[in-house]
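Taking it in order: structure first as structure tokens, then the write-up.
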């Protein structure tokens, strides 16, 4: 089934073909007139183009040039800023790395110092304990030895009493005051014991 649009389109196509055929006939007859019309049409078209479509591009060109120069200067400024920022960032990173390495070394040193401190305190404590035991044992033994010796002297009757101690003290004073007499006395004692 054929629709109205198809009929309308077919009829329009036939009308256009007929019109085109008629125009060709007229054009062939009036070729010179057609060429003049075409020339006039082209001239009018060119005039309309020049009048209507031709735009003065100078303001746009200057605006574009100024935009380009501003863009270039902005890009250069940003590149300079980024370069400085990169350099500063690199310096800061290097400084951070050096600082962290230095702090790590300081921590190692502090740890060693703390270890030496602990070792030193341990040695001092060990020495104190050693000397305490040595001192207490030494004095205990020395006092025990004195007591044993005193008991032996008492058993043998050789232990000095208070009277003998006073006599010995006076005798020592006499020896200090009279060394020549003491020599004579010791010679006499030596002769009698031989």
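In my numbering, the protein residues as written are 3 to 196.
The C-beta atom is built at its ideal place from N, Cα and C for all residues, glycine as well.
Where residue i falls: helix, strand or coil (DSSP)
i	result
residue 180	coil
Cβ separation of residue i and residue j, assumed to be a contact under 8 angstroms, to the nearest whole Å
i	j	result
residue 177	residue 184	4 angstroms
Chain C contact for residue i (CB, 7 angstroms cutoff)
i	result
residue 130	Considering every chain present, this structure includes no chain C. It has just one protein chain.
Just list the beta strand (DSSP E) runs in the stretch 99-124, keeping only unbroken ones of 3 residues or longer that don't cross its boundaries, in chain order.
-> Counting only runs of at least 3 residues, the stretch 99-124 fully encloses no beta strand (DSSP E) element at all.
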